[in-house]
Amino acid sequence: MRFPYRFARFLCQWSMVLLLKARVFGRRHVPATGGVLLVSNHQSFMDPVLATMALPREGNYMARDSLFANRWFGGLIEYLNAFAIKRGTADLMAIKETMRRLKGGKVVLAFPEGTRTPDGRVGAMLAGLATVAKKCEVPIVPVLIDGVYQAWPRDRLLPGRGDVVIEYGRPLMPVDYAGLTPDGLTAEIRGRIIAMQERWHRRVPSRRLEWYADEDKCEVRGEK
0 MRFPYRFARF LCQWSMVLLL KARVFGRRHV PATGGVLLVS NHQSFMDPVL
50 ATMALPREGN YMARDSLFAN RWFGGLIEYL NAFAIKRGTA DLMAIKETMR
100 RLKGGKVVLA FPEGTRTPDG RVGAMLAGLA TVAKKCEVPI VPVLIDGVYQ
150 AWPRDRLLPG RGDVVIEYGR PLMPVDYAGL TPDGLTAEIR GRIIAMQERW
200 HRRVPSRRLE WYADEDKCEV RGEK
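The sequence shown begins at 0 in numbering that gives the first Met the number 0 and counts up one residue at a time.
The structure is reproduced here in C-alpha coordinates:
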(Lines of atoms letter the chains of each structure in order from A and count residues from 1; the text may use other names and numbers.)
(Lines give C-alpha, C1' and ligand atoms only; values in the text may rest on other atoms or scores of the structure.)
Protein backbone atom coordinates (compact mmCIF):
# COMPACT_ATOMS: atom_id res chain seq x y z
CA MET A 1 0.00 0.00 0.00
CA ARG A 2 1.42 3.39 -1.03
CA PHE A 3 2.24 5.77 1.83
CA PRO A 4 0.00 8.65 0.58
CA TYR A 5 -2.92 6.23 0.30
CA ARG A 6 -2.16 4.85 3.77
CA PHE A 7 -2.02 8.37 5.21
CA ALA A 8 -5.29 9.39 3.53
CA ARG A 9 -6.89 6.20 4.80
CA PHE A 10 -5.74 6.98 8.34
CA LEU A 11 -7.26 10.47 8.23
CA CYS A 12 -10.51 9.18 6.76
CA GLN A 13 -10.76 6.38 9.29
CA TRP A 14 -10.61 8.62 12.30
CA SER A 15 -12.78 11.30 10.76
CA MET A 16 -15.51 8.78 10.06
CA VAL A 17 -15.13 7.10 13.46
CA LEU A 18 -15.40 10.35 15.38
CA LEU A 19 -18.20 11.78 13.24
CA LEU A 20 -20.22 8.67 12.46
CA LYS A 21 -19.21 6.15 15.15
CA ALA A 22 -18.44 3.79 12.29
CA ARG A 23 -18.09 0.07 13.03
CA VAL A 24 -16.76 -2.52 10.60
CA PHE A 25 -17.53 -6.23 10.51
CA GLY A 26 -16.49 -9.17 8.35
CA ARG A 27 -13.24 -7.81 6.91
CA ARG A 28 -11.90 -11.35 6.81
CA HIS A 29 -14.41 -12.11 4.04
CA VAL A 30 -12.42 -9.93 1.62
CA PRO A 31 -9.72 -12.07 -0.08
CA ALA A 32 -6.18 -10.95 0.71
CA THR A 33 -4.93 -11.27 -2.86
CA GLY A 34 -6.25 -11.23 -6.41
CA GLY A 35 -9.05 -9.34 -8.08
CA VAL A 36 -12.14 -8.76 -5.94
CA LEU A 37 -15.40 -7.00 -6.78
CA LEU A 38 -17.03 -5.26 -3.81
CA VAL A 39 -20.72 -4.64 -4.49
CA SER A 40 -22.33 -2.19 -2.09
CA ASN A 41 -25.59 -0.39 -1.51
CA HIS A 42 -25.36 3.38 -1.86
CA GLN A 43 -26.46 5.74 0.93
CA SER A 44 -24.21 8.81 0.71
CA PHE A 45 -21.26 10.58 -0.88
CA MET A 46 -19.06 9.06 1.84
CA ASP A 47 -19.71 5.48 0.76
CA PRO A 48 -16.49 4.94 -1.26
CA VAL A 49 -14.46 5.92 1.79
CA LEU A 50 -16.58 3.92 4.21
CA ALA A 51 -16.48 0.77 2.09
CA THR A 52 -12.71 0.74 1.60
CA MET A 53 -10.98 2.55 4.46
CA ALA A 54 -10.87 -0.45 6.83
CA LEU A 55 -9.32 -2.81 4.30
CA PRO A 56 -5.59 -3.68 4.33
CA ARG A 57 -5.60 -3.38 0.52
CA GLU A 58 -6.02 -0.31 -1.66
CA GLY A 59 -9.53 0.10 -3.00
CA ASN A 60 -10.45 1.19 -6.53
CA TYR A 61 -13.84 2.67 -7.26
CA MET A 62 -16.02 4.20 -9.92
CA ALA A 63 -16.97 7.87 -9.54
CA ARG A 64 -19.35 9.85 -11.70
CA ASP A 65 -17.55 11.83 -14.36
CA SER A 66 -18.73 15.23 -13.06
CA LEU A 67 -16.52 14.78 -9.98
CA PHE A 68 -13.47 15.05 -12.23
CA ALA A 69 -14.52 18.45 -13.59
CA ASN A 70 -12.51 20.24 -10.90
CA ARG A 71 -8.85 19.64 -11.72
CA TRP A 72 -7.68 19.55 -8.10
CA PHE A 73 -10.44 17.39 -6.67
CA GLY A 74 -10.46 15.15 -9.74
CA GLY A 75 -6.71 14.72 -9.46
CA LEU A 76 -7.01 13.84 -5.78
CA ILE A 77 -9.62 11.14 -6.18
CA GLU A 78 -7.85 9.78 -9.26
CA TYR A 79 -4.69 9.45 -7.16
CA LEU A 80 -6.81 7.54 -4.64
CA ASN A 81 -7.75 5.07 -7.40
CA ALA A 82 -11.06 6.52 -8.59
CA PHE A 83 -11.97 6.29 -12.27
CA ALA A 84 -14.77 8.01 -14.12
CA ILE A 85 -18.08 6.54 -15.20
CA LYS A 86 -20.84 8.32 -17.12
CA ARG A 87 -24.12 7.90 -15.29
CA GLY A 88 -27.20 6.85 -17.19
CA THR A 89 -25.28 5.25 -20.05
CA ALA A 90 -23.55 1.98 -20.84
CA ASP A 91 -20.07 3.44 -20.39
CA LEU A 92 -17.87 0.97 -22.28
CA MET A 93 -14.66 2.74 -21.25
CA ALA A 94 -15.56 2.42 -17.57
CA ILE A 95 -16.50 -1.23 -18.04
CA LYS A 96 -13.18 -1.97 -19.75
CA GLU A 97 -11.31 -0.13 -16.99
CA THR A 98 -13.15 -2.14 -14.34
CA MET A 99 -12.21 -5.39 -16.08
CA ARG A 100 -8.60 -4.27 -16.48
CA ARG A 101 -8.26 -3.55 -12.78
CA LEU A 102 -9.99 -6.75 -11.70
CA LYS A 103 -7.81 -8.86 -14.00
CA GLY A 104 -4.81 -6.95 -12.64
CA GLY A 105 -5.59 -8.22 -9.14
CA LYS A 106 -7.18 -5.05 -7.75
CA VAL A 107 -10.06 -4.55 -5.33
CA VAL A 108 -12.82 -2.68 -7.18
CA LEU A 109 -15.83 -1.15 -5.43
CA ALA A 110 -19.07 -0.61 -7.32
CA PHE A 111 -22.56 0.72 -6.56
CA PRO A 112 -24.97 -0.99 -8.99
CA GLU A 113 -27.94 1.06 -7.75
CA GLY A 114 -26.36 3.86 -9.77
CA THR A 115 -27.41 6.61 -7.37
CA ARG A 116 -27.91 7.27 -3.67
CA THR A 117 -30.97 5.83 -1.98
CA PRO A 118 -33.90 8.24 -1.53
CA ASP A 119 -35.14 6.48 1.62
CA GLY A 120 -32.34 4.37 3.15
CA ARG A 121 -33.51 1.11 1.59
CA VAL A 122 -31.58 -0.97 -0.94
CA GLY A 123 -32.87 -0.04 -4.38
CA ALA A 124 -32.98 -1.89 -7.69
CA MET A 125 -29.58 -2.83 -9.07
CA LEU A 126 -28.32 -2.87 -12.64
CA ALA A 127 -26.95 -6.19 -13.92
CA GLY A 128 -23.95 -4.84 -15.82
CA LEU A 129 -21.47 -5.45 -13.02
CA ALA A 130 -22.59 -9.05 -12.69
CA THR A 131 -21.68 -9.52 -16.35
CA VAL A 132 -18.25 -8.02 -15.67
CA ALA A 133 -17.69 -10.32 -12.69
CA LYS A 134 -18.64 -13.38 -14.71
CA LYS A 135 -16.23 -12.44 -17.48
CA CYS A 136 -13.38 -11.78 -15.04
CA GLU A 137 -14.22 -14.77 -12.79
CA VAL A 138 -13.44 -12.94 -9.55
CA PRO A 139 -14.90 -13.25 -6.04
CA ILE A 140 -17.83 -10.93 -5.35
CA VAL A 141 -18.17 -9.56 -1.82
CA PRO A 142 -21.56 -8.01 -0.93
CA VAL A 143 -21.11 -4.92 1.24
CA LEU A 144 -23.70 -3.30 3.49
CA ILE A 145 -23.41 0.36 4.48
CA ASP A 146 -26.13 1.33 6.93
CA GLY A 147 -26.86 4.38 9.06
CA VAL A 148 -25.20 6.91 6.77
CA TYR A 149 -28.51 7.84 5.18
CA GLN A 150 -29.78 9.02 8.57
CA ALA A 151 -26.59 11.04 9.11
CA TRP A 152 -26.48 12.50 5.62
CA PRO A 153 -29.73 12.18 3.63
CA ARG A 154 -29.86 13.47 0.09
CA ASP A 155 -31.64 16.68 1.03
CA ARG A 156 -29.06 17.75 3.62
CA LEU A 157 -26.06 19.87 2.63
CA LEU A 158 -23.65 18.60 5.28
CA PRO A 159 -23.48 15.35 7.28
CA GLY A 160 -24.50 15.10 10.91
CA ARG A 161 -23.47 12.62 13.57
CA GLY A 162 -24.57 9.05 13.16
CA ASP A 163 -24.17 5.40 14.10
CA VAL A 164 -22.85 3.62 11.02
CA VAL A 165 -22.24 -0.04 10.26
CA ILE A 166 -20.17 -1.43 7.39
CA GLU A 167 -20.41 -5.19 6.93
CA TYR A 168 -18.62 -7.38 4.40
CA GLY A 169 -20.64 -10.49 3.64
CA ARG A 170 -19.41 -13.91 2.63
CA PRO A 171 -17.93 -13.83 -0.87
CA LEU A 172 -19.55 -15.45 -3.86
CA MET A 173 -16.82 -17.37 -5.63
CA PRO A 174 -16.91 -17.94 -9.41
CA VAL A 175 -17.96 -21.55 -8.86
CA ASP A 176 -20.91 -20.30 -6.78
CA TYR A 177 -22.35 -18.10 -9.51
CA ALA A 178 -21.26 -19.95 -12.65
CA GLY A 179 -24.80 -21.19 -13.28
CA LEU A 180 -26.51 -17.86 -12.66
CA THR A 181 -27.50 -15.35 -15.30
CA PRO A 182 -26.37 -11.74 -14.76
CA ASP A 183 -29.90 -10.87 -13.60
CA GLY A 184 -29.96 -13.87 -11.28
CA LEU A 185 -26.54 -13.01 -9.85
CA THR A 186 -27.58 -9.40 -9.32
CA ALA A 187 -30.71 -10.54 -7.48
CA GLU A 188 -28.59 -12.84 -5.29
CA ILE A 189 -26.19 -10.05 -4.35
CA ARG A 190 -29.00 -7.60 -3.64
CA GLY A 191 -30.81 -10.21 -1.53
CA ARG A 192 -27.71 -10.76 0.59
CA ILE A 193 -27.26 -7.04 1.20
CA ILE A 194 -30.93 -6.66 2.15
CA ALA A 195 -30.65 -9.63 4.53
CA MET A 196 -27.65 -8.04 6.25
CA GLN A 197 -29.51 -4.75 6.59
CA GLU A 198 -32.57 -6.46 8.06
CA ARG A 199 -30.43 -8.29 10.63
CA TRP A 200 -28.88 -5.02 11.77
CA HIS A 201 -32.25 -3.33 12.02
CA ARG A 202 -33.35 -6.07 14.42
CA ARG A 203 -30.39 -5.44 16.70
CA VAL A 204 -29.95 -2.75 19.35
CA PRO A 205 -27.03 -0.72 17.98
CA SER A 206 -23.95 -0.42 20.17
CA ARG A 207 -22.49 3.04 20.61
CA ARG A 208 -18.94 1.71 21.09
CA LEU A 209 -16.24 2.48 18.55
CA GLU A 210 -15.23 -0.95 17.25
CA TRP A 211 -13.02 -0.20 14.28
CA TYR A 212 -10.47 -2.88 14.98
CA ALA A 213 -12.25 -4.93 17.62
CA ASP A 214 -11.93 -8.70 17.58
CA GLU A 215 -14.08 -9.77 14.64
CA ASP A 216 -15.04 -13.08 16.24
CA LYS A 217 -16.83 -11.07 18.92
CA CYS A 218 -18.26 -8.55 16.46
CA GLU A 219 -19.81 -11.02 14.06
CA VAL A 220 -23.53 -10.80 13.34
CA ARG A 221 -25.35 -13.57 15.16
CA GLY A 222 -25.77 -16.61 12.93
CA GLU A 223 -22.76 -15.83 10.71
CA LYS A 224 -19.55 -17.81 10.88
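The C-beta atom is built at its ideal place from N, Cα and C for all residues, glycine as well. None of the values given here were measured: they were computed from a predicted structure.
Should the segment 103-111 be regarded as contacting the segment 24-40, the criterion being three or more beta carbon pairs within less than 8 Å?
They touch, by the three-pair rule.
List in chain order: all unbroken beta strand (DSSP E) runs of 3+ residues lying wholly within the segment 91-121.
Within the segment 91-121, the runs of beta strand (DSSP E) that reach at least 3 residues and sit entirely inside it are, in chain order, 106-109.
8 Å CB neighbourhood of Gly29 in its chain, flanking five on each side removed:
Here residue 29 corresponds to residue number 30 of the sequence shown, with the count starting at 1. Correcting the residue identity first, residue 29 is Val in this sequence and not Gly. Excluding five sequence positions before and after Val29, the CB atoms of its chain that fall closer than 8 Å to its own CB belong to Val35, Leu37, Leu54, Arg56, Val106, Val140, Tyr167 and Pro170, given in chain order.
Between the segment 116-126 and the segment 145-163, do at least 3 Cβ pairs fall closer than 8 Å?
Short answer: they touch.
What residues match up with Gly58 in a beta bridge as DSSP calls it?
In the sequence shown, the residue the question calls residue 58 occupies position 59. Gly58 is bridged to Val106.
Check whether the Cβ atoms of Met15 and Leu49 sit closer than 8 Å, and answer yes or no.
Within the sequence shown, residue 15 is the residue found at index 16, counting from 1. Within the sequence shown, residue 49 is the residue found at index 50, counting from 1. Yes. Within cutoff.
Please list, in chain order, all residues of the same chain as Ala126 whose beta carbon is under 7 Å from its beta carbon, the five residues on each side excluded.
Stepping through the sequence shown from its first residue, residue 126 is reached at position 127. Correct list, in chain order: Pro181, Asp182 and Thr185.
Just the C-alpha distance for Val131 and Asp154, rounded to the nearest angstrom, thanks.
Residue mapping note: residue 131 aligns to position 132 of the sequence shown, counting from 1. Residue mapping note: residue 154 aligns to position 155 of the sequence shown, counting from 1. Taking the straight line joining both Cα atoms gives about 33 Å.
Measure how close the beta-carbons of Cys11 and Met52 come, nearest whole angstrom, since I'm counting them as under 8 Å.
Counting from 1 along the sequence shown, the entry for residue 11 is found at position 12. Counting from 1 along the sequence shown, the entry for residue 52 is found at position 53. Contact flag correct, Cβ pair sits at about 5 Å.
Would you mind sorting Pro173 into buried or exposed? The rule is 16 or more other CB atoms within 10 Å of its CB.
Locating residue 173 in the sequence shown gives position 174, counting from the first residue. Exposed, since its Cβ has fewer than 16 Cβ neighbours within 10 Å.
CB Arg22 to CB Val137, shorter than 8 Å?
Reading the sequence shown from its first residue, position 23 is the one you call residue 22. Reading the sequence shown from its first residue, position 138 is the one you call residue 137. No, Cβ-Cβ distance for Arg22 and Val137 is not below 8 Å.
So Pro47 is in the alpha helix (DSSP H); what residue range does that whole segment cover?
For the purposes of this step, residue 47 is taken as residue 48 along the sequence shown, with counting starting at 1. Unbroken alpha helix (DSSP H) run through Pro47: Asp46 to Thr51.
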